[in-house]
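Counting the sequence shown from 1 gives a position; the numbering used here is that position plus 901.
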Amino acid sequence: MSSDTTIEDSIDKAASTVAGAWPIHSFVTANPLSGFEDAPFEEAVRQASDLLGGRGYPSPETFRSALADGRIDREVLAAELAARGYDAEPETLLAQMDDDSDQDGTGAATARVDHVLTKWLSAFLDTGQATWPMPNREDGFYAAFRQMADHDGQIPERGILTDLPSDPVATIETVLESSPESQWVPILEEQLAALPGWTALLKQRASDGSAWQSKAPITLTGYLAARFALLEAFDVDIRPQNSATTRTETATDIAPAFLTAWERSYRNELLDSVAAESESLAESEPAGRPDAQLVFCIDTRSEVIRRHVEATGDYETHGYAGFFGVPMEYQAYDADVSVDAAPPIVDPAHRITEMPTEDDARTSHDRWSAIREAAGEAIETLTANPTTAFGFVEQSGSGYGLSLAARTLLPRRVRELLDAAGDVAPETHEFSEPLLDHQHTYAGDLPVGLTHEEKVEYAETAFELMGIEAFGRLVVFVGHASETTNNPFDSSLDCGACAGNPGGPNARVLAAICNDPAVQTALADRGIDVPGDTVFLAGEHNTTTDEVELFDDEVPESHAEDLEKLRADLSVARENAAGERAAAMKTDDSAGVREIERRAGDWAETRPEWGLAGNAGFVIGPRELTSDLDLDGRAFLHSYDHTTDPDGDALAAIFTGPLVVTQWINAQYYFSTVDTAVYGSGSKITQNPVGNVGVYQGNGGDLMTGLPLQSLKASVDRPHHQPLRLSVAVHAPVERVTDVLAENPAVTELLDNDWLSLSVVDPTQDHRRFHYEEHREWSAVPERAEATAGAPNAPAVADD
């Protein structure tokens, strides 16, 4: 028999096609087909369909609707179809597309294996939700399963389970010994794909080394050993069967043609608008010093609030990845554990802890926190303990009934009351601050705090990436978070650049860094002069209610009037942005703030906000390129000034960081929309959370790892999100972009394989437009006579 290393290598190879997935409490959007990104998009979706059974393209109905309302330009579509050898009318071709599913189904025995296995997985992987945890979890999943399997009456007493080896590799070897080595990877691949949601979670958990992984370790090897033992016990043939549900598309070139035409239609309008603004920018006079500058996350939801902030006064906004360039692990003052506050593709480099600075406010906060914690623990104990639960319900039932009625009938009023109660207990930012100075100690592998040199580096990088050279009296770093009630997917609405956590802490850290006099002195030596009257502060944008809260602890009395004016204007901007969001929700836009606050507080609301639905574009360039455009909340916006980046270092940082993350986000929304059942998570209405790690559809089975229907569609058959691959537009010399790609082959591979598109508006070549083809070659994009500035492909698809 072959060595253990061969088995492990085969597992690693088989697992490469399955993307990792984060627990639901820290949901991070990611491409569910990331394991196929080394293949061209069309080939990847075919392979994934064979293995996972998922659809790779929008349905004919979705294409038909986009064609009917003009979102697909008919001339562009005709050219795409002709290039693929089709000359029939689009409507005829759509009718030919096969939208049926070829259901091979899953055998009854395999279904029983899945049922037993997922039962033990949910018990083992629970992260504190279960009252009675699975025994022996500290020994690892395979060992715990091995000890418990004899007590499970659903498992037949036969096969290898009658004498299960202690080594999981030995178990796998025993089952695979009758198969040729050439079949190992296909067999392992098919078994990992049988429950792709669980596999994705295990893959991510095994790699991130979290506290829960330390307490209850699990590996893909241990998982597969348990699965193979069950397959043999239930007498299931392990030879590759290609038993996944396959969704066939007979005219395989038709769907890609329609998709590419739709994307080109959107991209053409975006490029027309950006190129026109580039010409205007070249002719404009330099702007004066703004009243304030606000730096928002590049998140598409920021595009809406930024427009309305700029409309209220002399304000300048910028876009920067929402972790503000500080990759850290953050522990709030009253938090039991620290959280990652950096993109999933970046490892935290520092441990930052929130420390109290004001005693009276801290005492008040602690008192109210202790009362809430004690009450919560008492209720949890009473409701979970079978000896007291019935009596507790009898005694408190009427009170709970009134509470339920209030939350159901008056959600906004309940929210107001809770806010009022919260005002009694100060927020932690009111009496504490992040401990930034390097402490010469470590929390695990991470140094606590930042050195002076690191602070200067983070500040300089931020200003170089954004192209900020002149500073206002107030500079606000605005993180973002969401506010929802009874929503398992709430972290998906927080900051993806902060690993599904609020971005306020990162904003506070960068503001504190930039206010440091020693940092400002060092910046001046590097050519970045911060005026003596510039004050940096942090804020947080609530993306559900559009409220922007300012953390003003660093603002001196000399700036009180500036701060008061900014707060008043942010309130006006909120009213206007809320009206726009309410209209997008197909509710009365005159209700504005009242409606979006109701959604935030309504525990029965399945769609508190649209999140990043609609995302399709990413513009990298000065804000002036888009400040006069209504991009309908569909574009990521990253500030960049090519004149301050002669070597392309800042552009390379944007390409290898924010661009990759936005492609993940875009792919998650794309695939969750085109196949919500396989790549999404179905309807929230029929979901059940499990173990605080994921959700089921119904009462068991595979974990659903994608976005729910309510985040993507106005109704079951009416998409709100337009499923397009990401179109990136860069304002820079095309040669510089080519050089950056040459130094970053991973990004080039994504482009060459058509996972996203890249175009350039070159201000050094009369604002000409170029589109990336492949192998770092470009084609010139001709100007269109009908080009006009405006929102590409507006309105959105809400009434599809």
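Glycine included, C-beta positions come from ideal geometry on N, C-alpha and C.
Pull up the CB-CB distance for residue i and residue j, whole angstroms please, since I reckon it's below 8 angstroms.
i       : j       : result
Thr1435 : Val1357 : That pair is no contact at about 16 angstroms.
Phe1390 : Phe928  : 6 angstroms
Ala916  : Leu934  : That belief does not hold up - the Cβ atoms of Ala916 and Leu934 are roughly 14 angstroms apart, past 8 angstroms.
Gln1623 : Ala1517 : 6 angstroms
Thr850  : Ala1501 : Lying outside 902 to 1701, the shown extent of the chain, residue 850 is not represented and no answer is given.
Ile925  : Asn1593 : 7 angstroms
Thr918  : Trp1565 : Between Trp1565 and Thr918 the Cβ distance is about 17 angstroms, and since that is not below 8 angstroms, they are no contact.
Met1229 : Ala1242 : 5 angstroms
Arg1524 : His1219 : 6 angstroms
His1632 : Leu1471 : Rounded, the Cβ-Cβ distance is 28 angstroms, inconsistent with contact.
His1668 : Ser1179 : 4 angstroms
Asp1383 : Glu1510 : The displayed chain sequence assigns Ser, not Asp, to residue 1383. Their Cβ separation, rounded to whole angstroms, is 7 angstroms, which keeps Ser1383 and Glu1510 in contact under 8 angstroms.
Leu1182 : Ile912  : Incorrect: roughly 54 angstroms between the Cβ atoms, too far for contact.
Ala1551 : Glu1674 : Their Cβ separation, rounded to whole angstroms, is 25 angstroms, which puts Ala1551 and Glu1674 out of contact at 8 angstroms.
Val1017 : Ile1056 : 6 angstroms
Gly955  : Asp1576 : 5 angstroms
From this set, the options, which residue's C-alpha is nearest residue i's C-alpha?
i       : options                            : result
Asn1443 : His1016, Thr930, Ile1414, Arg1482  : Arg1482
Leu1062 : Glu1133, Thr1120, Gln1055          : Glu1133
Pro1620 : Asp939, Pro961, Ile912             : Pro961
Ala940  : Val1682, Val1662, Asp1653          : Asp1653
Ala1425 : Glu1370, Ile1566, Val1410, Ala1413 : Glu1370
Asp1173 : Glu1355, Asp1027, Leu1532          : Leu1532
Gly1098 : Leu1022, Glu1331, Leu1627          : Leu1022
Ala1630 : Val1648, Ser1658, Thr1445, Pro1609 : Ser1658
Asp1548 : Val1137, Asp1463, Asp1640          : Asp1640
Val1137 : Gly1008, Glu1058, Trp1033, Leu1018 : Gly1008
Trp923  : Ser911, Ile908, Phe937, Thr1028    : Thr1028
Asp1109 : His1052, Ala1400, Gly957           : Ala1400
Asp1453 : Thr1446, Asp1463, Thr1445, Glu943  : Asp1463
Ser1393 : Ala1044, Glu1328, Ala1514          : Ala1514
Val1205 : Thr1446, Ile1088, Tyr1541, Glu909  : Thr1446
Leu953  : Ala1647, Arg1626, Met1605          : Met1605
Ala983  : Glu992, Asp1663, Ala1158, Glu1636  : Ala1158
Val1227 : Val1431, Ala1408, Tyr1234, Ala1177 : Ala1408
Tyr1231 : Phe1224, Phe1225, Val1240          : Val1240
Ala1363 : Arg1637, Ser1203, Asp1546          : Asp1546
Thr1258 : Glu1455, Pro1087, Val1070, Ile1088 : Glu1455
Go through its chain and collect everything with a Cβ distance to residue i's Cβ below 7 angstroms, but skip five positions before and after it.
i       : result
His1209 : Ala1474, Asn1477, Ala1478
Arg1427 : Glu1361
Asn1387 : Trp1504
Ala1112 : Val1238
Pro1187 : none
Please work out which residues of its chain come closer than 6 angstroms, Cβ to Cβ, to residue i, disregarding the five sequence neighbours upstream and downstream, and give them in chain order.
i       : result
Gly921  : Ala1101, Lys1104, Gln1105
Val1682 : Arg1670, His1672
His1330 : Phe1452
Thr907  : none
Val1175 : Leu1526, Ala1630, Val1662
Ala967  : Ile973, Trp1163
Once the 5 residues before and after residue i are set aside, which same chain residues still bring their CB inside 8 angstroms of it?
i       : result
Ala1152 : Low confidence applies to Ala1152: its pLDDT is 48, below 50, so where it sits in the model is not reliable enough to give any reading.
Asn1645 : Ala1553, Phe1556, Thr1557
Ala1222 : Cys1198, Ile1199, Pro1244, Ala1398, His1539, Gly1558, Pro1559, Val1562
Leu1702 : Given that the chain is displayed from residue 902 to residue 1701, the structure contains no residue 1702 and the question cannot be resolved.
Ser1185 : Glu1525
Asp910  : none
Asp1395 : His1381, Ala1382, Ser1383, Gly1401, Asn1402, Pro1403, Gly1404
What I want to know is whether the C-beta of residue i ends up closer than 7 angstroms to one or more non-hydrogen atoms of the ligand MN.
i       : result
Leu1018 : Because no ligand of any kind appears in the structure shown, any question about the ligand MN cannot be addressed here.
Residue ranges of each beta strand (DSSP E) within the stretch 1548-1609, 3 or longer: 1588-1591, 1595-1598
Pairs of beta-carbons, one from the stretch 1588-1601 and one from the stretch 1615-1624, closer than 8 angstroms: are there three or more? no
Does the stretch 1182-1195 come close enough to the stretch 1370-1387 to have 3 or more Cβ pairs within less than 8 angstroms? yes
Determine contact between the stretch 1089-1096 and the stretch 1039-1046, defined as no fewer than three beta-carbon pairs at a distance below 8 angstroms. no
Which residue spans inside the stretch 902-986 form an unbroken beta strand (DSSP E) run of at least 3? none
Does the stretch 1159-1167 come into contact with the stretch 1346-1357, if we say contact requires no fewer than three beta-carbon pairs (one atom in each stretch) closer than 8 angstroms? no
Using 8 angstroms as the Cβ pair cut-off and three pairs as the minimum, do the stretch 1408-1424 and the stretch 1328-1346 touch? yes
Would you check if there are 3 or more beta carbon pairs closer than 8 angstroms linking the stretch 1076-1092 to the stretch 1570-1588? no
Segments of 3+ residues assigned as beta strand (DSSP E) that fall wholly inside the stretch 1349-1431: 1375-1382
Are the stretch 969-980 and the stretch 1157-1164 touching by the rule of at least three beta carbon pairs closer than 8 angstroms? yes
Which runs of the alpha helix (DSSP H), 4 residues or longer, sit entirely within the stretch 1027-1110? 1042-1049, 1069-1077, 1085-1095, 1097-1109
Which runs of the alpha helix (DSSP H), 4 residues or longer, sit entirely within the stretch 1606-1662? 1635-1643, 1646-1653
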